[in-house]
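The block underneath contains the structure these notes are about, expressed in structure tokens.
Protein chains: 2
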Amino acid sequence: MNTVQKWDLFELSAAGAQDGNPFTERTIFATFTGTCEQVTVNGFYDGNGIYRVRFMPSFEGEYTYVLDGTYGGGRQEGRFTVIPAGPGNHGPVHVAGEYHFAYADGTAYYPIGTTCYVWDLQSDARIAETLESLAASAFNKLRFCVFPKHYDYNLGEPRSYPYEGTPMDSSVLTKDNFMSYSFQKDGNAFDYTRFNPDHFRHIESCILALQRLGIEADLIMMHPYDRWGFATMTAEQDDLYWQYAIARFAAFRNVWWSLANEYDLFPTKTLSDWERYAGIICREDPYHHLRSIHNCRPFYDHTRPWITHCSIQRQDIYKSSELVNEWREKYHKPIVLDEIAYEGNIQHGWGNITAEEMTRRFWEAACRGGYPGHGETYMHPDGVLWWSHGGQLHGESWKRFRLLRDILSETPGLGLAPYEQCRWDEVCAVPECEFMHPVKSFYLYYYSFMRPSFRDFHFDDTTSFQVRVIDTWEMTVEDRGVYTGHFRTTLPGKPYMAVWITRQD
Amino acid sequence: MNTVQKWDLFELSAAGAQDGNPFTERTIFATFTGTCEQVTVNGFYDGNGIYRVRFMPSFEGEYTYVLDGTYGGGRQEGRFTVIPAGPGNHGPVHVAGEYHFAYADGTAYYPIGTTCYVWDLQSDARIAETLESLAASAFNKLRFCVFPKHYDYNLGEPRSYPYEGTPMDSSVLTKDNFMSYSFQKDGNAFDYTRFNPDHFRHIESCILALQRLGIEADLIMMHPYDRWGFATMTAEQDDLYWQYAIARFAAFRNVWWSLANEYDLFPTKTLSDWERYAGIICREDPYHHLRSIHNCRPFYDHTRPWITHCSIQRQDIYKSSELVNEWREKYHKPIVLDEIAYEGNIQHGWGNITAEEMTRRFWEAACRGGYPGHGETYMHPDGVLWWSHGGQLHGESWKRFRLLRDILSETPGLGLAPYEQCRWDEVCAVPECEFMHPVKSFYLYYYSFMRPSFRDFHFDDTTSFQVRVIDTWEMTVEDRGVYTGHFRTTLPGKPYMAVWITRQD
Chain A
248 MNTVQKWDLF ELSAAGAQDG NPFTERTIFA TFTGTCEQVT VNGFYDGNGI
298 YRVRFMPSFE GEYTYVLDGT YGGGRQEGRF TVIPAGPGNH GPVHVAGEYH
348 FAYADGTAYY PIGTTCYVWD LQSDARIAET LESLAASAFN KLRFCVFPKH
398 YDYNLGEPRS YPYEGTPMDS SVLTKDNFMS YSFQKDGNAF DYTRFNPDHF
448 RHIESCILAL QRLGIEADLI MMHPYDRWGF ATMTAEQDDL YWQYAIARFA
498 AFRNVWWSLA NEYDLFPTKT LSDWERYAGI ICREDPYHHL RSIHNCRPFY
548 DHTRPWITHC SIQRQDIYKS SELVNEWREK YHKPIVLDEI AYEGNIQHGW
598 GNITAEEMTR RFWEAACRGG YPGHGETYMH PDGVLWWSHG GQLHGESWKR
648 FRLLRDILSE TPGLGLAPYE QCRWDEVCAV PECEFMHPVK SFYLYYYSFM
698 RPSFRDFHFD DTTSFQVRVI DTWEMTVEDR GVYTGHFRTT LPGKPYMAVW
748 ITRQD
Chain B
248 MNTVQKWDLF ELSAAGAQDG NPFTERTIFA TFTGTCEQVT VNGFYDGNGI
298 YRVRFMPSFE GEYTYVLDGT YGGGRQEGRF TVIPAGPGNH GPVHVAGEYH
348 FAYADGTAYY PIGTTCYVWD LQSDARIAET LESLAASAFN KLRFCVFPKH
398 YDYNLGEPRS YPYEGTPMDS SVLTKDNFMS YSFQKDGNAF DYTRFNPDHF
448 RHIESCILAL QRLGIEADLI MMHPYDRWGF ATMTAEQDDL YWQYAIARFA
498 AFRNVWWSLA NEYDLFPTKT LSDWERYAGI ICREDPYHHL RSIHNCRPFY
548 DHTRPWITHC SIQRQDIYKS SELVNEWREK YHKPIVLDEI AYEGNIQHGW
598 GNITAEEMTR RFWEAACRGG YPGHGETYMH PDGVLWWSHG GQLHGESWKR
648 FRLLRDILSE TPGLGLAPYE QCRWDEVCAV PECEFMHPVK SFYLYYYSFM
698 RPSFRDFHFD DTTSFQVRVI DTWEMTVEDR GVYTGHFRTT LPGKPYMAVW
748 ITRQD
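Listed below in structure tokens is the structure:
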């Protein structure tokens, strides 16, 4: 029987023409009809005369389809049954409320992200190692690229290229001269109208491997770290790429669209280009996967309606997570801090903060109602840096994120909001959904690098609260008992402490 | 023979009338004439029928004086000799260049300040203990108050009051109710037109004790932590206070005028009051001692011509010293960070940063061409907190300042400037006086909480530089030898490191 789980990928394939350029000269599309939805999507040429159309059903029950196009294989019809989602399948993540996320089945989703820009383009062994590292971690979102990366610590060849053709000779590259090869096409012989299906199939296997681990694939669709011409294609070539990638990737439920990393570093793209790409995604992705665009220096205008959430790189060396409140008020969208510097010890200032500081930025962001992101840049004898290549985690901060994620999971509603009535000199989070409640059911005070030796609390005269003292660095949660009225909580006078106060009902 | 050192205090005293109110009804003044200067100053009534006039000569040689006034003792004349300044007497500190300080004899002065608001109003034993602590430290500036202080941890009685009269009963005060007694006069019976000369004489002994230790007395003339009415006197009473205090204190060479701590917290004073006080100082202090005014939240307009340097309290929990560059560019005056939070563990967020963070803020400020200030707020069984009472230093940051001061002392010229050509992700200081030099004689790179495991340097192809690696926390200076052209300096991959690179001529 032809069945597929709700929110799983349903694929049709058909043999068709191979002559000419099937990527540009042929079309294939299908309409999928169930009781609650009718969706028409474009398919894609997968090489060797095979065309495919992919669909992610959002409802259970009987579906029919009609496939057609100029691809050369004619019209086809059929039916299939969508069965209930299985364990671990919560559907795609969407924005829920103003500032938070939830899976399609209503389960709250608290992004705890990391970045491995081109982990997908490394060897099979390295990829397996990365997946093992992720499986042992609390990460549930990974940012990575479709195109290979040309940058410091990233001068080697990727496992494959997205287009047919041959790259420039990379043996000329050194740490000192590589920047001069950026954004040039000389020595490359790529046909930017003929995709390499193997490259995309491989990325799909990576998306799926992440999906099995419950990790969202925040796909960086374009980036400026390029020596192959992929960052400086023509508008027509760019649009072809977007259509092809969307046709291939959109039916994977864990895909997010990050239009670019550091959109402002592309030498030839203009704002109207980014707006045009956004239009293509909005038109071609029937599932409305999350859409964002990431800055180097100036933010993109995150008020643009197609942007579902702010994907932020910090603009200041000293303040990053601390600005979440301001950004929430400015954009009224979820604030995802996709780069707040990396734990590591490389020369670049964005890549050498301590594990303590990274953990601090995580708590600071979370307790202000935002979502922090991680990365690691430790020097490695073979040049394998998590930030780009994946592999093993060598740092200390990642071990501390599960505790934070566990506490977030106990938040009533979908997420945290900064508590406006706390003192100027401390950070406190309360449930977003309780903003009208004079006394909240949940207060999470975080003391950052400050280290009071005690704090006096008073919420009202009658409600009882359980008090727990959290050492966010040592990962201990100490139950201090139940208190009412005025009470004092002693603290050990060291940094990175939190006090978690929950109402006893 | 009647002699005084240059920049020492020369005092005339004369018996006069005691009837009525000598503080308001009598005058005394004198004109001092040497070869290079003629100065007329007002004197003051010191109680018990004694009037005094004080003068600080700025030149060596023979002086004459003429004393007169309505004080009741008639006109007097005389002469004295000003001899050369003795060891340790460099004269008063003034602004030198735009951003730095020097003593009158041209010696560079790098402020390394601390704050003990009312150390001067504690017991003799505590004062002696404070002086011992200061003598063992690298501090060369102390901020403290003329008026007693009413605040958290400061509810007791001072050793004396600046006016004749009696204070309210302080036995009613508790940690919870004390704020409600602020700015009220009930229960106090002070005559705000009759000073208590003992109070001022005692403060003078403290100023002199600091002078002997080479410490500048940054006198906080007014402050809002008050339950006695001193912060809410009439304009006439205020002006009388300024005239009296200037007549008494101005001839001490180590006096600085801080018009207020947290000027913006006074309930009744307006900007025109502060401007009027400034006018009195400018008119009555012939030595032009340094003048500043310190904020709680909004800065006073530091562009006002009477303000010699910016006395800044940080406005942001996360960024303080990091803003020195901006403030330099905005005000074109020396930037003195008189409050960047205190090392300690009290509940208040301004009083519980770590020694590491305080030390970091010191280096960060210094390497940006500013001058950091210290304070300590450690909980103490007897409520003795350095920040207010002096006593012993319990922290760890103060021990680290001598190294910084020693390195500052090796700067060519008068002070450091931020090196505009350093990378966005690091801080580097160069001598202010070498801003036109393409290759400097002195580079001080500071890595703050970042911890690169190496840095590559290149200044030019021919100059040789001595490289020293400084662990600012461990207080070690490691000589790495001499390098030319491109060179790499390895670092231990921990925070708080600096690299000190000096040209070998």
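Chains A and B are the protein sequences, given in the same order.
Numbers given in our numbering equal positions in the first sequence, counted from 1, plus 247.
Numbers given in our numbering equal positions in the second sequence, counted from 1, plus 247.
Don't be surprised by glycine CBs; every beta carbon is placed ideally from N, CA and C.
So what does DSSP say about Asn-572/A, is it helix, strand or coil?
-> For the purposes of this step, residue 572/A is taken as the residue at position 325 of the first sequence. In this structure, Asn-572/A counts as helix in the three-state DSSP scheme.
Coil, strand or helix - Trp-521/B by DSSP | Indexing the second sequence from 1 puts residue 521/B at position 274. In the three-state scheme derived from DSSP, where H, G and I count as helix and E and B as strand, Trp-521/B is classed as helix.
Spatial neighbours of Pro-742/B in its chain, beta-carbon cut-off 6 Å, leaving aside the 5 residues before and after = Counted from its first residue, the second sequence places residue 742/B at position 495. Around Pro-742/B: Phe-696 and Arg-698.
With a 10 Å radius around its C-beta and 16 neighbouring C-beta atoms as the bar for buried, classify Asp-465/A as buried or exposed.
-> By one-based count along the first sequence, residue 465/A stands at place 218. Asp-465/A sits buried, since 16 or more C-beta atoms from the chains shown fall within 10 Å of its C-beta.
Roughly how many angstroms lie between the CA atoms of Ala-588/B and Arg-615/A, to the nearest whole one?
-> In the second sequence, residue 588/B corresponds to position 341, counting from 1. In the first sequence, residue 615/A corresponds to position 368, counting from 1. Cα to Cα, the separation comes out at about 22 Å.
What separation, rounded to the nearest whole angstrom, lies between the Cα atoms of Met-468/B and Tyr-364/B?
-> Your numbering for residue 468/B matches position 221 in the second sequence. Your numbering for residue 364/B matches position 117 in the second sequence. Cα-Cα distance, rounded: 11 Å.
Does any C-beta atom of chain B lie closer than 8 Å to the C-beta of Gln-369/A?
-> By one-based count along the first sequence, residue 369/A stands at place 122. With 8 Å as the cut-off, Gln-369/A does not count as an interface residue toward chain B.
Would you mind stating whether Leu-259/A and Ala-277/A have Cβ atoms separated by less than 8 Å?
-> Sequence index remark: in the first sequence, residue 259/A carries index 12 (1-based). Sequence index remark: in the first sequence, residue 277/A carries index 30 (1-based). Yes, the pair counts as a contact, with Cβ atoms nearer than the cut-off.
Note down, in chain order, every chain A residue with its Cβ under 7 Å from the Cβ of Tyr-565/B.
-> As a working mapping, residue 565/B is identified with position 318 in the second sequence. Chain A residues near Tyr-565/B: Tyr-565, Lys-566 and Glu-569.
Thinking C-beta only, is Leu-738/B closer than 8 Å to Arg-702/B?
-> Sequence index remark: in the second sequence, residue 702/B carries index 455 (1-based). Sequence index remark: in the second sequence, residue 738/B carries index 491 (1-based). Yes, the Cβ-Cβ distance between Arg-702/B and Leu-738/B is below 8 Å.
Run of the alpha helix (DSSP H) containing His-621/B, from where it starts to where it stops = As a working note, residue 621/B is residue 374 in the second sequence. That residue, His-621/B, is in no alpha helix (DSSP H); its beta strand (DSSP E) goes 618-621.
Span of the alpha helix (DSSP H), counted from its first residue to its last, around Ala-612/B = Taking the first residue of the second sequence as position 1, residue 612/B is located at position 365. Run containing Ala-612/B: 602-614, per the alpha helix (DSSP H) assignment.
Near Arg-390/B, what residues of its chain come up, given a Cβ to Cβ distance below 7 Å and the 5 sequence neighbours on each side ignored?
-> Reading the second sequence from its first residue, position 143 is the one you call residue 390/B. Same-chain partners within the cutoff: Gly-360, Thr-362, Asp-465, Ile-467, Ser-505 and Asp-585.
Who are the near neighbours of Glu-509/A in its chain, counting only those whose CB is closer than 8 Å to its CB and skipping five residues on each side?
-> Indexing the first sequence from 1 puts residue 509/A at position 262. Once the five neighbours on either side are set aside, the close Cβ partners of Glu-509/A are His-470, Pro-471, His-541, Asn-542, Cys-543 and Gln-560.
Find the nearest neighbour of Thr-354/B within the set Pro-659/B, Glu-667/B and Arg-715/B, judged by alpha-carbon distance.
-> Taking the first residue of the second sequence as position 1, residue 354/B is located at position 107. Nearest C-alpha to Thr-354/B: Pro-659/B.
Is it a yes or a no for the segment 616-636 of chain B touching the segment 416-423 of chain B, going by three-plus beta-carbon pairs under 8 Å?
-> No: fewer than three Cβ pairs fall under 8 Å.
Can you give me the Cβ contacts of Met-303/B inside the same chain, cut-off strictly under 8 Å, excluding the 5 residues immediately before and after it?
-> Counting from one through the second sequence, the residue named residue 303/B turns up at place 56. Counting only Cβ-Cβ distances below 8 Å, and skipping sequence neighbours, we find Trp-254, Asp-255, Leu-256, Phe-257, Pro-339, Ala-497, Ala-498, Phe-499, Arg-500 and Tyr-534.
Coil, strand or helix - Ser-505/A by DSSP | Start at 1 with the first residue of the first sequence, and residue 505/A comes out as number 258. It is a strand residue.
Trp-207/A, buried or exposed, once every other Cβ within 10 Å from all chains shown has been counted against 16 = A query on residue 207/A cannot be resolved here, the shown segment of chain A reaching from 248 to 752 and no further.
For Gln-713/A, which of helix, strand or coil comes out of DSSP?
-> If you number the first sequence from 1, residue 713/A lands on position 466. Per DSSP, reduced to three states, the secondary structure at Gln-713/A is strand.
So is Pro-628/B in contact with chain E if we call contact Cβ pairs under 8 Å?
-> Checking the listed chains, one finds no chain E in this structure; the protein chains it contains are A and B.
Which residues bound the alpha helix (DSSP H) around Arg-373/A?
-> In the first sequence, residue 373/A corresponds to position 126, counting from 1. Per DSSP, Arg-373/A belongs to the alpha helix (DSSP H) from 371-382.
Per-residue contacts from Met-697/A into chain B (C-beta, under 7 Å) = The residue given as residue 697/A occupies position 450 in the first sequence. The contacting residues are Gly-596, Asn-599 and Ile-600.
Helix or strand or just coil, what does DSSP make of Ala-355/B?
-> On the second sequence, residue 355/B is found 108 positions in, with the first residue counted as 1. If DSSP states are grouped into helix, strand and coil, Ala-355/B belongs with the strands.
Near Asp-416/B, what residues of its chain come up, given a Cβ to Cβ distance below 7 Å and the 5 sequence neighbours on each side ignored?
-> By 1-based counting over the second sequence, the position of residue 416/B is 169. Counting only Cβ-Cβ distances below 7 Å, and skipping sequence neighbours, we find Gly-434.
Inter-residue Cα distance where the pair is Phe-306/A and Val-329/A = Locating residue 306/A in the first sequence gives position 59, counting from the first residue. Locating residue 329/A in the first sequence gives position 82, counting from the first residue. About 7 Å.
For Val-571/B, count neighbouring C-beta atoms within 10 Å of its own C-beta (all shown protein chains included) and say buried if the count is 16 or more, exposed if not.
-> Working through the second sequence from its first residue, we reach residue 571/B at position 324. By the 10 Å Cβ count, Val-571/B comes out buried.
Is any beta-carbon of chain B found at less than 8 Å from that of Pro-742/A?
-> Here residue 742/A refers to the residue found at position 495 when the first sequence is read from its first residue. Chain B contact via Cβ: present.
For Leu-457/A, which of Ser-519/A, Arg-607/A, Lys-432/A and Asp-367/A has the nearest alpha-carbon?
-> In the first sequence, counting from the first residue as 1, residue 457/A sits at position 210. Of the candidates Ser-519/A, Arg-607/A, Lys-432/A and Asp-367/A, Asp-367/A places its Cα closest to the Cα of Leu-457/A.
Compare the C-beta of Asn-592/A with all C-beta atoms of chain B and state if any pair is closer than 8 Å.
-> Here residue 592/A refers to the residue found at position 345 of the first sequence. Chain B, which has a Cβ nearer than 8 Å to the Cβ of Asn-592/A, makes this yes.
Take Gly-320/B and list the residues in its own chain whose beta-carbon comes closer than 6 Å to its own, dropping the five residues that flank it on each side.
-> Working through the second sequence from its first residue, we reach residue 320/B at position 73. Sequence-distant Cβ neighbours of Gly-320/B in its own chain, meaning closer than 6 Å and more than five residues away, are Ala-261, Ala-262 and Gly-263.
Where Pro-514/A and Asp-672/B are concerned, what is the direct C-alpha to C-alpha distance, given to the nearest angstrom?
-> Working through the first sequence from its first residue, we reach residue 514/A at position 267. Working through the second sequence from its first residue, we reach residue 672/B at position 425. CA-CA distance, Pro-514/A to Asp-672/B, rounds to 23 Å.
Who are the neighbours of Ser-700/B on chain A, taking C-beta pairs under 9 Å?
-> Looking up residue 700/B in the second sequence gives position 453. At a C-beta separation below 9 Å, Ser-700/B has these neighbours in chain A: Gly-591, Asn-592, Ile-593, Gln-594, Asn-599, Tyr-625 and Met-626.
Quick one, which of Leu-512/A, Val-502/A, Gln-562/A and Asp-485/A has its alpha-carbon nearest Gly-526/A's?
-> Reading the first sequence from its first residue, position 279 is the one you call residue 526/A. Closest by alpha carbon: Asp-485/A.
Determine the direct distance from the alpha carbon of Glu-451/B to that of Arg-523/B, and round the result to whole angstroms.
-> Position 276 of the second sequence, counted from the start, is the residue given in the question as residue 523/B. Position 204 of the second sequence, counted from the start, is the residue given in the question as residue 451/B. Roughly 25 Å between the two C-alpha positions.
Spatial distance of Ala-343/B from Cys-680/B (CA atoms) | For the purposes of this step, residue 343/B is taken as the residue at position 96 of the second sequence. For the purposes of this step, residue 680/B is taken as the residue at position 433 of the second sequence. Computed Cα separation, rounded: 11 Å.
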